[in-house]
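If you're matching them up, the sequences are chains L and U in order.
Add 4 to a position in the first sequence, counting from 1, and you land on the number used in the working numbering.
Add 14 to a position in the second sequence, counting from 1, and you land on the number used in the working numbering.
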Amino acid sequence: MIALYRLALRVLLPSVFERMGGEAIETSARLAMAARTRGRSAWLRYWMTEFRSLASTAWRERPPRKGASMIPTLFQDVRYALRLLRRTPGVTFIALVTLALGIGANTAIFSLVDGVLLRPLAYADPDRLFLIQHALITDRTQVGSATPGNFYDLQRASRLMQPMAAFSSATATMTGRGEPERLQGIESNGSILEVLGVAPAIGRIFTEADDRIGAPKVIVISHDIWQRLFGGSAEAIGQTLTLAGTPCTVIGIMPKGFNFPDTQVDFWAPAQLSAAARASRTEFYLQIVGRLASGATPAAARAELDAIMARLRTEYPVANSAVAMDVQPLGQAFVANVSRLLWILMGSVGCVLLIACANLANLLLARATGRSREIAIRQAIGAGRARLVRQLLVESVLLALLGGAAGLLAGMGFLKALVAWLPAGIPRIDLASVDARVLAFTFAVAAVTGVLFGLAPALQLARRSPVSALRDDWRTSTGRAPLRAILVAGELAMALVLLAGAGLLIRSFVLMQREDPGFSTDRLLTLQVRMEGPAYAKGQPRIAFVNGVVDRLKALPGTIDAAASSYAPIVGRGTGAWFNLVARPLPPGTTPPGIPYRVITSGYFKTMQIPLVRGRLLADTDGLAGTPSVVISESLARRFWPSDGSAGDPIGAQIYLGAPDNKLFDRATVVGIVKDVKLAGLGSSLTDAVYGLNTLMPWWRNFTFTVRTAGDPTALASAARQIVHDADPSLAITNLQAMTDIMRTSVAPTRASMLLLALFAAVAMIMAAVGVFGVMSYAVNLRSREMGIRLALGARPAEVRSMIVADGMKQAIVGVALGVAGALWLTRMMASMLFGVTPGDPVTLASVAVLLLLTAALASYIPARRATRVDPLVVLRTE
Amino acid sequence: MTDRHDFLTPQAFQILLSLADGRDLHGYAIIQDIAERTADEIRLTASTLYAAIKRMLDAGLIAEVDASAESGGAPRRCYRITGAGRQVARREAARLARTVAMARDKRLLPRKT
Numbered sequence: 005m006i007a008l009y010r011l012a013l014r015v016l017l018p019s020v021f022e023r024m025g026g027e028a029i030e031t032s033a034r035l036a037m038a039a040r041t042r043g044r045s046a047w048l049r050y051w052m053t054e055f056r057s058l059a060s061t062a063w064r065e066r067p068p069r070k071g072a073s074m075i076p077t078l079f080q081d082v083r084y085a086l087r088l089l090r091r092t093p094g095v096t097f098i099a100l101v102t103l104a105l106g107i108g109a110n111t112a113i114f115s116l117v118d119g120v121l122l123r124p125l126a127y128a129d130p131d132r133l134f135l136i137q138h139a140l141i142t143d144r145t146q147v148g149s150a151t152p153g154n155f156y157d158l159q160r161a162s163r164l165m166q167p168m169a170a171f172s173s174a175t176a177t178m179t180g181r182g183e184p185e186r187l188q189g190i191e192s193n194g195s196i197l198e199v200l201g202v203a204p205a206i207g208r209i210f211t212e213a214d215d216r217i218g219a220p221k222v223i224v225i226s227h228d229i230w231q232r233l234f235g236g237s238a239e240a241i242g243q244t245l246t247l248a249g250t251p252c253t254v255i256g257i258m259p260k261g262f263n264f265p266d267t268q269v270d271f272w273a274p275a276q277l278s279a280a281a282r283a284s285r286t287e288f289y290l291q292i293v294g295r296l297a298s299g300a301t302p303a304a305a306r307a308e309l310d311a312i313m314a315r316l317r318t319e320y321p322v323a324n325s326a327v328a329m330d331v332q333p334l335g336q337a338f339v340a341n342v343s344r345l346l347w348i349l350m351g352s353v354g355c356v357l358l359i360a361c362a363n364l365a366n367l368l369l370a371r372a373t374g375r376s377r378e379i380a381i382r383q384a385i386g387a388g389r390a391r392l393v394r395q396l397l398v399e400s401v402l403l404a405l406l407g408g409a410a411g412l413l414a415g416m417g418f419l420k421a422l423v424a425w426l427p428a429g430i431p432r433i434d435l436a437s438v439d440a441r442v443l444a445f446t447f448a449v450a451a452v453t454g455v456l457f458g459l460a461p462a463l464q465l466a467r468r469s470p471v472s473a474l475r476d477d478w479r480t481s482t483g484r485a486p487l488r489a490i491l492v493a494g495e496l497a498m499a500l501v502l503l504a505g506a507g508l509l510i511r512s513f514v515l516m517q518r519e520d521p522g523f524s525t526d527r528l529l530t531l532q533v534r535m536e537g538p539a540y541a542k543g544q545p546r547i548a549f550v551n552g553v554v555d556r557l558k559a560l561p562g563t564i565d566a567a568a569s570s571y572a573p574i575v576g577r578g579t580g581a582w583f584n585l586v587a588r589p590l591p592p593g594t595t596p597p598g599i600p601y602r603v604i605t606s607g608y609f610k611t612m613q614i615p616l617v618r619g620r621l622l623a624d625t626d627g628l629a630g631t632p633s634v635v636i637s638e639s640l641a642r643r644f645w646p647s648d649g650s651a652g653d654p655i656g657a658q659i660y661l662g663a664p665d666n667k668l669f670d671r672a673t674v675v676g677i678v679k680d681v682k683l684a685g686l687g688s689s690l691t692d693a694v695y696g697l698n699t700l701m702p703w704w705r706n707f708t709f710t711v712r713t714a715g716d717p718t719a720l721a722s723a724a725r726q727i728v729h730d731a732d733p734s735l736a737i738t739n740l741q742a743m744t745d746i747m748r749t750s751v752a753p754t755r756a757s758m759l760l761l762a763l764f765a766a767v768a769m770i771m772a773a774v775g776v777f778g779v780m781s782y783a784v785n786l787r788s789r790e791m792g793i794r795l796a797l798g799a800r801p802a803e804v805r806s807m808i809v810a811d812g813m814k815q816a817i818v819g820v821a822l823g824v825a826g827a828l829w830l831t832r833m834m835a836s837m838l839f840g841v842t843p844g845d846p847v848t849l850a851s852v853a854v855l856l857l858l859t860a861a862l863a864s865y866i867p868a869r870r871a872t873r874v875d876p877l878v879v880l881r882t883e
Numbered sequence: 015m016t017d018r019h020d021f022l023t024p025q026a027f028q029i030l031l032s033l034a035d036g037r038d039l040h041g042y043a044i045i046q047d048i049a050e051r052t053a054d055e056i057r058l059t060a061s062t063l064y065a066a067i068k069r070m071l072d073a074g075l076i077a078e079v080d081a082s083a084e085s086g087g088a089p090r091r092c093y094r095i096t097g098a099g100r101q102v103a104r105r106e107a108a109r110l111a112r113t114v115a116m117a118r119d120k121r122l123l124p125r126k127t
């Protein structure tokens, strides 16, 4: 970036560059470094401002023109270039389509990158906002939620992160306004809205005072919900909404477009935790956001939080011995998951455009060679070399700008298609649009593209002496053009990198699809219900409701089996708890391992067809009132009871979940081991799980019902909905879908990135093949006389053909070798996106290399065959 | 030449302000000083700064001095306000003060108490 800046400064502000260039560059480097500490996007924003101001300063300070000759000749050049474009419609059309696709793809992906990654968050002074999380002290890349106890201690003790607040998601069923409806909400400890610093559109936001125990229940709602429920009336302030059976007073409405942490949130409310809940150090569910105090640096704040955490580790060793703090800029934290993918896509479309440039350069090179007589005549009658080069550049830039305009239109279309087609869950994707910034980007790209592909022919022409061009003696040359060979090798190298990337993703996807989820996904209907309100304050009504609904679902015609569980498989890790073996207590001061657990009804394994490995499945008598029992997954059994038997037998072992002073149940016996089930997606290896009945853990409120059907599962959807509605009309049903839909959603991100990269790679490969074809045809044309002579002297056509193909393959092999090296280096960035293959996977690399070599061979064979088809006499006679 | 500098750009005026108390500052320090004083309202880039500095050097409003050796590291060029620069800055400040007074008269700003 510094090198680019040096170059730009030298070209645009030569007077400043000569006098104090070194200093200016050093200063910009220091400014960039300072911006880098605020994150990568701040760094990029800094450079964008720097270059913009450089350009505008240069324009203000431009030297007065010598005379007025520049503008009219430029005009002449443009007119001449337009005439030329019209005269060769074939070349113009191919060039425009290539450019429109290349620039369009870049425009669309840049709109995404800009909207999702580069725009600052829409909060007050967003660069000072940080996401604070717990991290594993042994591996700080493993981050997770914080406990309320730690949060309140951090909030009290920190001076450099002020204010600080925590939040957790809290969906709630809204009743009293037509059909019950699930609303997505955020519960805040402290006031998250104060920390973000965004003023409400109407009313007020809640403050820390509203988070007191016993304070009135208040909520702030989103603009969308306000429009939908209150028709946008200001009367909404002071009205009540009944959420989870509790009336809450609406005190404020956030402005249109405000969202935190993502677009789906309908309301924000103070959590108003009880004193006991505030002190909890065993429940990890809070995300903390802090604002850097004015004058403080991120590093100082990090050090301060680390020091506080060190103190908390000694004060609460059991809860905190493994916990460290992780502090990262909020803007980065939000998009951490997609930023890698988006940058890879940006790089890929950039490559595609470069390949397109190389092809266009070749195309124009061929045309320019055809025009060398014209150019030579102009040169002979006195046109300066610089003037000629300028005219050629005007031609190519004009072509590129026309292509850019077409590309902009194409880009808008691509972007629309992309946003509709990409899987849900990409944050801030609604911000991606073709606006002034994207417009500027597109035309900058177009102009640079024009110079890039215009430079080659212009330079070549400028080099040739007019005499040789007029004599036409280039025809007798061997047709070797090093520039073109380099272009083709470069194209092939880039195409190979893209193909390798796409190949790795395709293999990942295929391997992932082949993974065994651990249960049968066929003909399975799922639906989610959360039991809310005073009617479910005690365990008995919850058990009655869940078991009642399961029984009625089983009785439904077309049902084979039905059950309920706290989470469906695949959807995620879900809730976990500390896993303790009664017979093997841990040394004091150590944190037990956290293991996901599932609350189920007794028919769950049978319904999901999860096979039993050893022991027995759970029966209705295994609840708290009978013989408290649990079943564990095979991987968990292996983890704590190695197969060598050194730790005894899992069956019959006594366990409990939670902390000694906060147990989920007193103790239970392991009675069976079931096959592993993928909890968090096909690509995840998370399979450790403890299963217990809802009669063992009766406090669980949120259940996913699963129904195994004889036919199409969605055919039973409305009947299932009716059963829940009949059991309790005040409960809302969410995520009513077939299990296969859940599976599809789970692989959607991999599938989307695979398809996009495959598309770009395919385009790159086709373009590279066209490039090879173009260069070889050109070479064959130039050498047709040589071929004629060879054939006339008795060379066999097959020999001539293989000579030409070998010539083409030389470039191809160089390109492929370069590409393999590049792919080895670049695909490492994809490691986290892959499944079952490593970035440098030799099979993938070898197959794409062979594919590309075959394509190149084919692309050179076609012109070679044409060359040997001509009659040698015809060729020789034309000279 | 002087008539070109009767009106200073806001950036140039801010640079003069940074140097007005007689300190010798290098480029990065000037940017930091301006950003601090204006609470980030004016953030110069390296390009704008040095283009302005070159213009002001040409016009004799500021002069180059070598940084004192005790600061350590590579010798760095610092800038110092000249008599002419101080005069131009004073004139600009007076002009701005008159502008503010006019704004007060038209009630765009609260009157001084």
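C-beta atoms are modelled at their ideal positions from N, C-alpha and C, and glycine is treated no differently.
| Span of the beta strand (DSSP E) holding R800 (chain L)? | What you label residue 800 (chain L) is simply residue 796 of the first sequence in a count that begins at 1. No beta strand (DSSP E) contains R800 (chain L), which DSSP labels as neither H nor E.
| message | I'd like the ranges of any alpha helix (DSSP H) spanning at least 4 consecutive residues and lying wholly in the region 173-257 of chain L. | response | 196-200 and 227-234
| task | Could you check if G483 (chain L) is buried or exposed, using at least 16 other CB atoms within 10 Å of its CB as the buried criterion? | result | Residue 483 (chain L) sits at position 479 when you count from the first residue of the first sequence. Unreliable placement is indicated for G483 (chain L), whose pLDDT of 45 sits below 50; the coordinate value is still reported in the next sentence. Result: buried.
| task | Could you check which residue in L:L487, L:A85, L:E30 and L:L13 has the C-alpha nearest to that of S60 (chain L)? | result | One-based indexing of the first sequence puts residue 60 (chain L) at position 56. The shortest C-alpha separation from S60 (chain L) is found at L:L13.
| request: Check whether the Cβ of I45 (chain U) lies closer than 8 Å to any Cβ atom in chain L. | output: Mapped onto the second sequence, residue 45 (chain U) falls at position 31. Judged by the 8 Å Cβ criterion, I45 (chain U) is in contact with chain L.
| message | Quick check on the burial criterion: 16 or more other C-beta atoms within 10 angstroms. Buried or exposed for I95 (chain U)? | response | Locating residue 95 (chain U) in the second sequence gives position 81, counting from the first residue. Classification of I95 (chain U): buried, given that the 10 Å Cβ count is 16 or more.
| field | T872 (chain L) versus I808 (chain L) - alpha carbon distance | value | Your numbering for residue 872 (chain L) matches position 868 in the first sequence. Your numbering for residue 808 (chain L) matches position 804 in the first sequence. The alpha-carbon atoms of T872 (chain L) and I808 (chain L) are separated by roughly 10 Å.
| message | I need the DSSP call for S633 (chain L), collapsed to helix, strand or coil. | response | In the first sequence, residue 633 (chain L) corresponds to position 629, counting from 1. In the structure shown, S633 (chain L) sits in a strand (DSSP, three-state: E or B).
| query | Does the distance from the C-beta atom of S570 (chain L) to that of W704 (chain L) stay below 8 Å? | reply | Mapped onto the first sequence, residue 570 (chain L) falls at position 566. Mapped onto the first sequence, residue 704 (chain L) falls at position 700. The answer is yes: Cβ separation under 8 Å.
| When Cβ atoms are compared, which residues of the region 10-25 of chain L fall closer than 8 Å to chain U? | L13, L17, S19, V20, R23 and M24
| field | Extent of the continuous alpha helix (DSSP H) run through N363 (chain L) | value | Within the first sequence, numbered from 1, the residue matching residue 363 (chain L) stands at position 359. L334 to G374 is the span of the alpha helix (DSSP H), which, as asked, contains N363 (chain L).
| field | Length of the line joining the Cα atoms of V79 (chain U) and C92 (chain U) | value | Numbered from its first residue, the second sequence carries residue 79 (chain U) at position 65. Numbered from its first residue, the second sequence carries residue 92 (chain U) at position 78. Answer to the nearest angstrom: the Cα atoms are 5 Å apart.
| To the nearest angstrom, how far is it from the Cα of Q815 (chain L) to the Cα of I866 (chain L)? | The count along the first sequence starts at 1 and reaches residue 815 (chain L) at position 811. The count along the first sequence starts at 1 and reaches residue 866 (chain L) at position 862. Rounded to whole angstroms, Q815 (chain L) to I866 (chain L) spans 16 Å at the Cα level.
| When burial is assigned at 16 or more other CB atoms within 10 Å of the CB, is S61 (chain U) buried or exposed? | For the purposes of this step, residue 61 (chain U) is taken as the residue at position 47 of the second sequence. Answer is buried; the Cβ neighbour count reaches 16.
| field | 8 Å Cβ cutoff, T59 (chain U) in contact with chain L | value | In the second sequence, counting from the first residue as 1, residue 59 (chain U) sits at position 45. Closer than 8 Å to some Cβ of chain L, the Cβ of T59 (chain U) qualifies, so yes.
| task | Can you grab the Cα-Cα spacing for the pair V202 (chain L) / R66 (chain L), in whole Å? | result | The residue given as residue 202 (chain L) occupies position 198 in the first sequence. The residue given as residue 66 (chain L) occupies position 62 in the first sequence. If I take the Cα positions, the gap works out to 43 Å.
| message | Classify D839 (chain L): buried if its beta carbon has 16 or more other beta carbons within 10 angstroms, exposed otherwise. | response | By 1-based counting over the first sequence, the position of residue 839 (chain L) is 835. Looking at the sequence provided, one finds Phe at residue 839 (chain L) rather than Asp. F839 (chain L) is buried by the Cβ-count criterion.
| alpha helix (DSSP H) segment containing D565 (chain L), residue limits | In the first sequence, residue 565 (chain L) corresponds to position 561, counting from 1. Per DSSP, D565 (chain L) belongs to no alpha helix (DSSP H); it is in the beta strand (DSSP E), T563 to S569.
| request: Could you tell me the distance, in whole angstroms, from the CA atom of G51 (chain L) to the CA atom of F79 (chain L)? | output: Along the first sequence, one-based indexing puts residue 51 (chain L) at 47. Along the first sequence, one-based indexing puts residue 79 (chain L) at 75. Residue identity check: residue 51 (chain L) is Trp in the sequence provided, not Gly. Each residue's Cα considered, the two are about 33 Å apart.
| message | Rounded to whole angstroms, what is the Cα-Cα separation between V678 (chain L) and D692 (chain L)? | response | Working through the first sequence from its first residue, we reach residue 678 (chain L) at position 674. Working through the first sequence from its first residue, we reach residue 692 (chain L) at position 688. When rounded, the distance between both Cα atoms is 11 Å.
| field | Candidates L:D330, L:A372, L:F764 and L:L413, of which the one nearest A307 (chain L) by Cα | value | Residue numbering aside, residue 307 (chain L) sits at position 303 when the first sequence is read from its first letter. Of the listed residues, the one whose Cα sits closest to A307 (chain L) is L:D330.
| chain L within 8 Å of T52 (chain U), Cβ atoms only | Against the second sequence, residue 52 (chain U) aligns to sequence position 38. It does not; no Cβ of chain L falls within 8 Å.
| said: Quick check on the DSSP output: the beta strand (DSSP E) that includes V293 (chain L) runs from which residue to which? | reply: Counting from 1 along the first sequence, the entry for residue 293 (chain L) is found at position 289. Per DSSP, V293 (chain L) belongs to the beta strand (DSSP E) from Q291 to L296.
| query | How is G36 (chain U) classed by DSSP in three states: helix, strand or coil? | reply | Counted from its first residue, the second sequence places residue 36 (chain U) at position 22. Coil at G36 (chain U), not helix or strand.
| query | Hey, does L12 (chain U) have any beta-carbon neighbour from chain L nearer than 8 Å? | reply | No answer is possible for residue 12 (chain U): the residues shown for chain U start at 15 and end at 127.
| query | Roughly how many angstroms lie between the CA atoms of A462 (chain L) and I746 (chain L), to the nearest whole one? | reply | For the purposes of this step, residue 462 (chain L) is taken as residue 458 along the first sequence, with counting starting at 1. For the purposes of this step, residue 746 (chain L) is taken as residue 742 along the first sequence, with counting starting at 1. Distance between the alpha carbons of A462 (chain L) and I746 (chain L): 57 Å.
| message | Please identify the residue among L:S172, L:R232 and L:S162 whose C-alpha is closest to the C-alpha of R181 (chain L). | response | Start at 1 with the first residue of the first sequence, and residue 181 (chain L) comes out as number 177. Looking at the Cα atoms, L:R232 is the closest of the given residues.
| message | Please return the same chain residues whose Cβ sits closer than 8 Å to the Cβ of I510 (chain L), not counting the five positions on each side in sequence. | response | The count along the first sequence starts at 1 and reaches residue 510 (chain L) at position 506. Closer than 8 Å at the Cβ level, and outside the excluded window around I510 (chain L), lie M758 and A762.
| said: Which same chain residues end up closer than 8 Å to S195 (chain L) when comparing Cβ atoms and leaving out the 5 residues on each side of it in sequence? | reply: Start at 1 with the first residue of the first sequence, and residue 195 (chain L) comes out as number 191. Within the same chain, S195 (chain L) has close Cβ partners P167, A169, I209, F210, T211, E212, D214, D215 and P274.
| said: Can you confirm whether G129 (chain U), when its beta carbon is compared against all beta carbons of chain L, has any partner nearer than 8 Å? | reply: A query on residue 129 (chain U) cannot be resolved here, the shown segment of chain U reaching from 15 to 127 and no further.
| Residues from the region 89-120 of chain U in contact with chain L, defined by Cβ distance under 7 Å | R91
| task | Round the Cβ separation of L640 (chain L) and Y695 (chain L) to the nearest angstrom and send it over; I've been treating them as touching at under 8 Å. | result | The count along the first sequence starts at 1 and reaches residue 640 (chain L) at position 636. The count along the first sequence starts at 1 and reaches residue 695 (chain L) at position 691. Going by Cβ atoms, the distance from L640 (chain L) to Y695 (chain L) rounds to 10 Å, so no, they are not a contact pair.
| Contact check, R674 (chain L) vs R620 (chain L), beta carbons under 8 Å | Counting from 1 along the first sequence, the entry for residue 674 (chain L) is found at position 670. Counting from 1 along the first sequence, the entry for residue 620 (chain L) is found at position 616. One detail in the question is off: residue 674 (chain L) reads as Val in this sequence, not Arg. Going by C-beta atoms, V674 (chain L) is not nearer than 8 Å to R620 (chain L).
| query | Any idea which residues DSSP pairs Y601 (chain L) with across the strands? | reply | Within the first sequence, numbered from 1, the residue matching residue 601 (chain L) stands at position 597. Answer is L:V694.
| Grouping DSSP H, G and I as helix and E and B as strand, with all else coil, what is K682 (chain L)? | If you number the first sequence from 1, residue 682 (chain L) lands on position 678. Correct three-state label for K682 (chain L): coil.
| Continuous alpha helix (DSSP H) stretch holding R556 (chain L): start and end | For the purposes of this step, residue 556 (chain L) is taken as residue 552 along the first sequence, with counting starting at 1. First-last of the alpha helix (DSSP H) with R556 (chain L): G543 to A559.
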